[in-house]
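Q:
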Amino acid sequence: MGTPGTSVGPYIAECQRVLEKLVKRGDLTTYEVRGYGTNLEGTFSQVSAAIEQCHEAVHAKGAPRIATDIRIGTRTDKPAPTKGAPEQLTSDEQGKKEDWTAGLGENERKRESVRRILAGDA
1 MGTPGTSVGP YIAECQRVLE KLVKRGDLTT YEVRGYGTNL EGTFSQVSAA IEQCHEAVHA
61 KGAPRIATDI RIGTRTDKPA PTKGAPEQLT SDEQGKKEDW TAGLGENERK RESVRRILAG
121 DA
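When you number the sequence shown by full-length UniProt numbering, it's gap-free, plus one each residue, and the end is 122.
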């Protein structure tokens with residue numbers, strides 16, 4: 001990603017905002033932010049549209065270049081999963097940890113960091 005600095009957190013948070021809206025509208029089954037990428041679940045057209053909308057949102061946020069590596073898997077031998085969106089920490093759980101990184105793995109820490117950026121707590 002072509003950005004003025006080394007931090008990409010605000011851009012990831014912007015894409016997560018897009019994905020959250022799509023899940024709430026039923027236009028994407030689910031997504032999961034991971035340490036080195038994000039997993040999207042939905043129909044082929046839903047996932048393609050989600051990627052396009054994330055690119056548009058990140059460009060609108062000021063990133064002049066984006067490179068996306070995509071791995072797509074499809075199957076016809078059984079129905080697609082219908083699990084819900086990723087779990088969110090309750091405000092009580094967030095308030096109990098002064099050092100919110102304590103006990104979190106790398107992926108959990110990155111997801112929580114993005115959640116905090118979305119909530120304006122970063």
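Yeah, the Cβ is synthetic: ideal placement off N, Cα and C, and Gly gets one too.
Below 7 angstroms between beta carbons: does that hold for residue 14 and residue 58?
A: One-based indexing of the sequence shown puts residue 14 at position 14. One-based indexing of the sequence shown puts residue 58 at position 58. It is a contact, given that the beta carbons lie within the stated cut-off.
Q: Where does residue 166 sit, in a helix, a strand or coil, going by DSSP?
A: Examination of residue 166 is not possible in this model, given that the chain is present from 1 through 122 alone.
Q: Below 7 angstroms between beta carbons: does that hold for residue 53 and residue 18?
A: By one-based count along the sequence shown, residue 53 stands at place 53. By one-based count along the sequence shown, residue 18 stands at place 18. Yes, Cβ-Cβ distance for residue 53 and residue 18 is below 7 angstroms.
Q: Could you pull out every residue in the same chain whose Cβ sits closer than 7 angstroms to the Cβ of residue 107, ignoring the five residues on either side in sequence?
A: The sequence position of residue 107 within the sequence shown is 107, counting from 1. Correct list, in chain order: 34, 35.
Q: Any idea what DSSP makes of residue 104, helix, strand or coil?
A: Your numbering for residue 104 matches position 104 in the sequence shown. Note: residue 104 maps to coil in three-state DSSP.
Q: Taking a contact to mean a Cβ-Cβ separation below 7 angstroms, would you say residue 114 touches residue 16 in this structure?
A: Taking the sequence shown and counting its residues from 1, the one referred to as residue 114 is at position 114. Taking the sequence shown and counting its residues from 1, the one referred to as residue 16 is at position 16. A contact, by the Cβ cut-off of 7 angstroms.
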